[in-house]
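What follows is one structure encoded as structure tokens, with my remarks underneath.
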Ligand code: PXP
């Protein structure tokens with residue numbers, strides 16, 4: 069199973085100050101030295117974290133394959149065909165959303181043309197889809213070799229059931245009783261399992277991701293037909309915690325030496 073690290077939130081932190089650090093490329097080299105298999109980033113229309121310059125320098129310098137998530141958008145297609153990442157993952161994008169909500173609309177009128185353009189440029193294309201046989205069949209019809217199953221609903225159910233998320237101000241509008249949540253979670257995991265297996269049998273390369281964390285990722289990683297997981301937020305959030313003590317002691321040392 070490959071692990072793709074989504075590094076958008078390194079750039080989110082940088083954009084909070086609009087300066088040069090943290091450096092996205094430095095993070096990528098740490099990831100490489102730690103055994104990450106590919107780097108994933110999302111070039112959003114509003115450029116809220118990753119910018120075009122990041123895409124250019126990451127594709128040029130990253131010592132591993134680069135997967136760029138993006139919307140169906142002619143301007144983005146032009147940019148990415150010029151920079152030539154290893155893979156493009158087409159995702160739905162709404163300006164007001166906090167993160168990608170739901171899978172791609174596979175009936176989008178521009179989708180066949182966008183797929184063809186990337187494939188003609190020798191760029192692998194993945195479609196970010198909700199689990200389901202119909203979606204897999206449509207993906208195949210559209211001529212892609214790779215799909216990424218959206219694990220967002222599974223993750224939301226898992227967090228609502230097994231963490232204090234249910235009581236948090238950002239909680240989602242989901243049933244509150246544990247029996248219903250458990251039933252929905254089991255069903256969601258089953259859908260992911262069945263879709264991964266069906267997709268593999270159809271000859272598709274099966275990836276998955278979105279919202280997975282240190283508690284929920286194992287349940288999805290157990291699905292043998294999946295070949296790649298793309299995880300970002302949880303890893304960057306944990307890095308803040310497990311790396312914070314070292315960052316504080318390094319600064320204490322800088323101050324101590326100056327006295
Ligand atoms: N896969 C896709 C297609 C995504 O859009 C995202 C979020 O950018 C991820 C994986 C990673 O999601 P998360 O940051 O929640 O782990």
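Numbering (the working numbering), first residue to last: 69 to 327. Cβ coordinates follow ideal geometry from the N, Cα and C atoms, glycine included.
The alpha helix (DSSP H) runs lying completely inside the region 125-184 and spanning 4 residues or more are 142-151, given in chain order.
Within a 10 Å sphere around the beta-carbon of residue 110 sit 16 or more other beta-carbons, which makes this residue buried. Excluding sequence positions up to five before and after residue 174, its CB lies within less than 8 Å of the CB of 195, 197, 203, 206, 207 and 210, all in the same chain and listed in chain order. Counting only runs of 4 or more residues that sit fully inside the region 188-233, the alpha helix (DSSP H) segments are 201-209 and 220-230, in chain order.
Exclusion of residue 246 from the 7 Å shell around the ligand PXP follows from its C-beta lying no nearer than that to any non-hydrogen atom of the ligand.
Spanning the alpha carbons of residue 131 and residue 99 requires a straight line of approximately 10 Å. Put simply, the backbone Cα of residue 216 is about 12 Å away from that of residue 155.
By the neighbour-count criterion, in which 16 or more other beta carbons inside 10 Å mark a residue as buried, residue 140 falls on the buried side. Listed in chain order, the non-local C-beta contacts of residue 76 below 7 Å within the same chain comprise 109, 110, 117, 118 and 300, local neighbours out to five positions each way being set aside. Between the alpha carbons of residue 225 and residue 290 lies a gap of roughly 18 Å. In the structure shown, residue 247 falls within a helical segment according to DSSP collapsed to helix, strand and coil. For residue 89, no beta strand (DSSP E) run applies, since DSSP gives it neither H nor E. When DSSP states are grouped into helix, strand and coil, residue 80 belongs to the helix group. Residue 157 has its Cβ nearer than 7 Å to a heavy atom of the ligand PXP.
If you draw a straight line from the Cα of residue 170 to the Cα of residue 218, it comes to about 7 Å.
Here the region 293-312 lies against the region 259-270, with 3 or more beta-carbon pairs under 8 Å apart. The region 180-188 and the region 243-261 do not touch, with fewer than three beta-carbon pairs separated by less than 8 Å.
The beta-bridge partner set that DSSP reports for residue 107 consists of 73 and 134.
Separation of residue 270 and residue 239 (C-alpha to C-alpha, rounded to the nearest whole angstrom) is 37 Å.
For the 8 Å CB-CB criterion, residue 166 and residue 126 do not form a contact.
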